[in-house]
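With the UniProt record's numbering, letter number 661 in the sequence shown gets 661, and the count goes up by one each step, no holes. Beta carbons: idealized from backbone N, C-alpha and C, even for Gly. Given the structure is predicted, the values throughout are model-derived calculations rather than measurements. Here's the structure we're looking at; comments come further down.
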Amino acid sequence: MTAKNLVIVESPAKAKTIEKYLGRNYKVVASLGHIRDLPKSQMGIDFEHDYEPKYISIRGKGDVIKDLKKNAKKADHIYLAADPDREGEAIAWHVSHILGLDPKGKNRVVFNEITKDAVKNAFKTPRSIDMNLVDAQQARRVLDRLVGYSISPLLWKKVKKGLSAGRVQSVALKLIIDREEAIRAFVPEEYWTLDAEFKKGTAKKFAASFYGQNNKKMALKNNDAVQEVLRGIDRKAPFDITNVVKKERKRYPAPPFTTSSLQQEANRKLNFRTRKTMMLAQQLYEGINLGGKLGTVGLITYMRTDSTRVSNVAKTETSHFIHEKYGEAYAAVKIRQGKLQEGAQDAHEAIRPTSTLRTPESLEKVLDKDQMKLYRLIWSRFVASEMTPAVIDTVAVTIDQKGATFHANGSQTKFDGFTTLYVSSRDADQKDNLLPDLEIGDHVTLVKTDPAQHFTQPPARYSEANLVKALEENGVGRPSTYAPTIETIQKRYYVKLNARRFEPTELGEIVNSLICEFFPDIVDIKFTASVEGELDSIEAGEMPWVKVIDQFYHPFEKELKHAEAGIEKIQIKDEPAGFNCDICGAPMVIKLGRYGKFYACSRFPDCRNTKAIVKEIGVICPQCHKGQIVERKSKKNRIFYGCDRYPECDFVSWDKPVGRNCPKCDHYLIEKKSRGGKQVLCPNGDYSEAVQK
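Below, the structure is given as structure tokens:
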């Protein structure tokens, strides 16, 4: 029997989950993402006819399109169930065009979560394709094509092949380079702190810090200032408690995750790269096979959202769960509404579990290690957001003697509230600090002072989490674009990760300086954010997409002509390597390639000898006993160790050899990192030792 209804989604995993819910009258197939796009070989935009995009079928999608048409002919009704966002709407529109469907027909189905109820309810109320959403996606695609296909060839011609520029990636690169320039320009300033320990009678000692003179804040700029304070103190005389302020403070839970906050927290807490977070979230959204009668179930709501809104059904279920699991005192009576980020679209709910009753513990047998880590993070954050605040008793004490004022602050958790389940990475270091019972008029004695010299620190380089936060706060791009943006600037070798922080390369600084000089609007944060606002206006039906492109293109076209004439050919000079080619004897040089620096013969192209630049670790190869062990990087940028005589010697190890053998089995020892620090151990498991600091 042929299914009467055809449903088209993007991915096979999603198709499998939905088909189970809809039953035998529905056949669900996947388009495998977009089936039409702008051509790769040309601009693909008709400037004479309102920037009309010239869409073509994507190369390699011929068989997919053929199967879609074949299935469509057999179906009485066709439903387009791509993801509920601009990109999904555009995919649905392209599919409708390929299949000759009326875009005004009621064939578009959207749901925020892939659960039985959500899917079935969505099919009760199909709608027509929302052309405002399609136009917003088209406008972004055309803008990105105009920028990329205009500036990139210019960079190839003037700098080197393989470079690219883009609206969001150029701003991300500029943010990283601006931070680097601030670090270079930073001049450290000396300052001092004066900590002290006091004691009241036989009570436990407590810490306080110098605040100022006569309760007026005073900075200690050098050691002379510290010594002057210390000379004015009588160490043998008592100090007076002149003020005690006791307060009860509430710490409220963070709202459930948006795309951006999930990317940031997964990076900080789980050390997940942005792309990995989105890949795992996609898997959890599209469905995991839970086995038995349940089969494949979507475990979280749609993971591309900038809203913290939560459905009443989810709130009610979570409230019941908290009452049963933690007790009435932990269940929020009045639900807190999260503050919506400025410019947020609020099209979908926050990222949350599709059912709070599916606890992480109940899914341990069906989720892999990384899926479990991310699901636990999402589940815990959401449930905590529906719990009561933590209540903290705080006390601030002022200590005086002869005009010298010290402050001591204490805190104690009175009620743990939501923190019994979840503590954000920002609050992880907050701990109780108990002070003895102190009242105004009490006397305390000075036990010791501890002056310390410090220097102001430069701003830190961006981590992946901080870069995502900066892009979001500045309204640049959308959270769904951050992962590919970050990946692109690394692939182009504009930036590199050093100790999990972004550091610009020489190539990145050259490209950034050219774009800043000749295309200032492209890297202007306010301008880029205003473009995002205009895309939102297109989505809301308030502005025609052609007008947005037109306003952007005319000034951009003038900048392009100016750049063509004004940018001189930049020659990236080779650096001497300090040794000769082992094939022809000519001097070797350090060249800058697409994937970073490498050694090459100076007689290129007559001699094509090249070598990777590697770091020796001072250990002889344990396999051939001739070569040196060097640190290398895999295609995924993961460090591994190998012999420098490769391919003659094929020794390789993910773990760092230490140059000694196991005293029990004579196997070479390796160094492994663990939560407790570094450890030297035998891979055979017979021997281990702590690393001496």
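- Item | Spatial distance of A690 from L681 (CA atoms) | Position 690 of the sequence shown, counting from 1, holds the residue named residue 690. Position 681 of the sequence shown, counting from 1, holds the residue named residue 681. A690 and L681 have their C-alpha atoms spaced approximately 9 Å apart.
- By how many angstroms is the C-alpha of L592 removed from the C-alpha of Y494? Position 494 of the sequence shown, counted from the start, is the residue given in the question as residue 494. Position 592 of the sequence shown, counted from the start, is the residue given in the question as residue 592. Their Cα atoms are separated by approximately 11 Å.
- Item | Proximity winner among L367, Y302 and D306, relative to T354 (alpha-carbon distances) | Here residue 354 corresponds to residue number 354 of the sequence shown, with the count starting at 1. The shortest C-alpha separation from T354 is found at Y302.
- When burial is assigned at 16 or more other CB atoms within 10 Å of the CB, is S530 buried or exposed? Translated into the one-based positions of the sequence shown, residue 530 becomes position 530. In the assembly as shown, S530 is an exposed residue. Its beta-carbon has fewer than 16 other beta-carbons within 10 Å.
- Item | Inside the segment 476–517 only - beta strand (DSSP E) runs reaching at least 3 residues | Under the rule that a run must span 3 or more residues, the beta strand (DSSP E) segments found entirely inside the segment 476–517 read 495–498 and 501–504.
- Query: Alpha carbon to alpha carbon, what distance is there between S480 and I378?
  - Reply: As a working note, residue 378 is residue 378 in the sequence shown. As a working note, residue 480 is residue 480 in the sequence shown. Cα to Cα, I378 sits roughly 17 Å from S480.
- What residues in its chain sit with their C-beta under 7 Å from that of D50, if we drop five residues either side in the sequence? Walking along the sequence shown from the start, residue 50 turns up at place 50. Correct list, in chain order: V546.
- Task: Note down the Cα distance separating F518 from A563, rounded to an integer number of angstroms.
- Result: Counting from 1 along the sequence shown, the entry for residue 518 is found at position 518. Counting from 1 along the sequence shown, the entry for residue 563 is found at position 563. Put simply, the backbone Cα of F518 is about 6 Å away from that of A563.
- Task: Could you tell me the distance, in whole angstroms, from the CA atom of I241 to the CA atom of L194?
- Result: Within the sequence shown, numbered from 1, the residue matching residue 241 stands at position 241. Within the sequence shown, numbered from 1, the residue matching residue 194 stands at position 194. If you draw a straight line from the Cα of I241 to the Cα of L194, it is about 18 Å long.
- Message: Assuming Y326 is part of the beta strand (DSSP E), what are its boundary residues?
- Response: Residue numbering aside, residue 326 sits at position 326 when the sequence shown is read from its first letter. Per DSSP, Y326 belongs to no beta strand (DSSP E) and is neither H nor E.
- Query: Under three-state DSSP, which class holds Y285?
  - Reply: Your numbering for residue 285 matches position 285 in the sequence shown. Correct three-state label for Y285: helix.
- Message: Does D346 come out as helix, strand or coil in the three-state DSSP assignment?
- Response: Numbered from 1 along the sequence shown, position 346 holds the residue referred to as residue 346. Residue confidence for D346 is low, a pLDDT of 44 falling below 50, so the modelled location carries little weight; the figure read from the coordinates is stated next. In this structure, D346 counts as coil in the three-state DSSP scheme.
- Task: Identify which residue in I58, E439, I670 and T394 has its Cα closest to the Cα of K431.
- Result: Residue numbering aside, residue 431 sits at position 431 when the sequence shown is read from its first letter. Looking only at I58, E439, I670 and T394, the smallest Cα-Cα distance to K431 is reached by T394.
- Item | Sufficient close CB pairs (3 or more, under 8 Å) joining the segment 546–558 to the segment 44–58 | Yes, the segment 546–558 touches the segment 44–58.
- Can you tell me the Cα-Cα spacing of K673 and N25, whole angstroms? For the purposes of this step, residue 673 is taken as residue 673 along the sequence shown, with counting starting at 1. For the purposes of this step, residue 25 is taken as residue 25 along the sequence shown, with counting starting at 1. Rounded to the nearest angstrom, the two C-alpha atoms are 54 Å apart.
- Of all the beta strand (DSSP E) runs that stay within the bounds of the segment 529–590, which reach a length of 3 or more residues? Under the rule that a run must span 3 or more residues, the beta strand (DSSP E) segments found entirely inside the segment 529–590 read 575–580.
- Message: Measuring only the C-alpha atoms, how far is I440 from K247?
- Response: Locating residue 440 in the sequence shown gives position 440, counting from the first residue. Locating residue 247 in the sequence shown gives position 247, counting from the first residue. Just so you know, the alpha carbons of I440 and K247 end up roughly 15 Å apart.
- Message: Under DSSP, the alpha helix (DSSP H) around G60 begins and ends at which residues?
- Response: Within the sequence shown, residue 60 is the residue found at index 60, counting from 1. First-last for G60: undefined, no H or E at that position.
- Query: Which residues does DSSP pair with D240 in a beta bridge?
  - Reply: Working through the sequence shown from its first residue, we reach residue 240 at position 240. For D240, which the question treats as bridged, DSSP gives the partners D400 and H443.
- Message: Can you list, in chain order, the residues of its chain with a C-beta nearer than 6 Å to that of K205? Leave out the 5 residues immediately preceding and following it.
- Response: Mapped onto the sequence shown, residue 205 falls at position 205. E197, K199 and V447, listed in sequence order.
- If you draw a straight line from the C-alpha of residue 731 to the C-alpha of R478, how long is it? An answer regarding residue 731 cannot be provided, because it is not within the stretch 1 to 693 covered by the chain.
- Pairwise C-alpha distance: E539 and I300: Translated into the one-based positions of the sequence shown, residue 300 becomes position 300. Translated into the one-based positions of the sequence shown, residue 539 becomes position 539. A straight line joining the alpha-carbon of I300 with that of E539 spans about 26 Å.
- Task: Express the C-alpha separation of A452 and P238 in angstroms, rounding to a whole number.
- Result: The residue given as residue 238 occupies position 238 in the sequence shown. The residue given as residue 452 occupies position 452 in the sequence shown. When rounded, the distance between both Cα atoms is 24 Å.
- Could you give the uninterrupted runs of the beta strand (DSSP E) lying entirely in the segment 231–278, keeping only those of 3 residues or more? DSSP runs (the beta strand (DSSP E)) wholly in the segment 231–278: 239–251.
- Task: Measure from the C-beta of E190 to each C-beta in chain C and report whether the shortest distance is under 8 Å.
- Result: Structure shown: chain C not included; a single protein chain is present.
- In chain order, which alpha helix (DSSP H) runs of at least 4 residues are fully inside the UniProt domain "Toprim" (4–114)? Those alpha helix (DSSP H) runs which fall completely within the UniProt domain "Toprim" (4–114) and span 4+ residues are 12–22, 62–74 and 86–99.
- Query: Going by beta carbon distance, what residues of the same chain come within less than 8 Å of I583, once the five residues before and after it are set aside?
  - Reply: The sequence position of residue 583 within the sequence shown is 583, counting from 1. The residues are C601, C607 and N609.
- Task: Let me know if F186 comes out buried or exposed under the rule of 16 or more other beta-carbons within 10 Å of its beta-carbon.
- Result: Translated into positions along the sequence shown, residue 186 becomes position 186. Burial call: exposed.
- Along the chain, where does the beta strand (DSSP E) that runs through Q628 open and close? For this step, residue 628 is matched to residue 628 along the sequence shown. Counting along the chain, the beta strand (DSSP E) containing Q628 begins and ends at Q628 to K633.
- Message: Bridge partners for M387 per DSSP, in chain order?
- Response: Within the sequence shown, numbered from 1, the residue matching residue 387 stands at position 387. Paired residue(s): A331.
- Message: Does F186 come out as helix, strand or coil in the three-state DSSP assignment?
- Response: As a first step, residue 186 must be located in the sequence shown, where it is residue number 186. DSSP, reduced to helix, strand and coil, places F186 outside both helices and strands of the structure shown, so it counts as coil.
- Message: Is it buried or exposed, S513, if we count other Cβ atoms within 10 angstroms and call 16 or more buried?
- Response: By one-based count along the sequence shown, residue 513 stands at place 513. It is exposed - the Cβ of S513 has fewer than 16 other Cβ atoms within 10 Å.
- Query: Rounded to the nearest angstrom, how far is the Cβ of V614 from that of V397, given a contact under 8 Å?
  - Reply: Within the sequence shown, residue 614 is the residue found at index 614, counting from 1. Within the sequence shown, residue 397 is the residue found at index 397, counting from 1. About 57 Å; that fails the 8 Å criterion.
- For L340, name the three-state secondary structure that DSSP assigns. Reading the sequence shown from its first residue, position 340 is the one you call residue 340. Low confidence applies to L340: its pLDDT is 47, below 50, so where it sits in the model is not reliable enough to give any reading.
- Item | Residue from T202, W192 and Q628 whose Cα sits closest to the Cα of N222 | Position 222 of the sequence shown holds residue 222. In terms of Cα proximity to N222, the closest of T202, W192 and Q628 is W192.
- Would you mind sorting C621 into buried or exposed? The rule is 16 or more other CB atoms within 10 Å of its CB. Along the sequence shown, one-based indexing puts residue 621 at 621. C621 is buried by the Cβ-count criterion.
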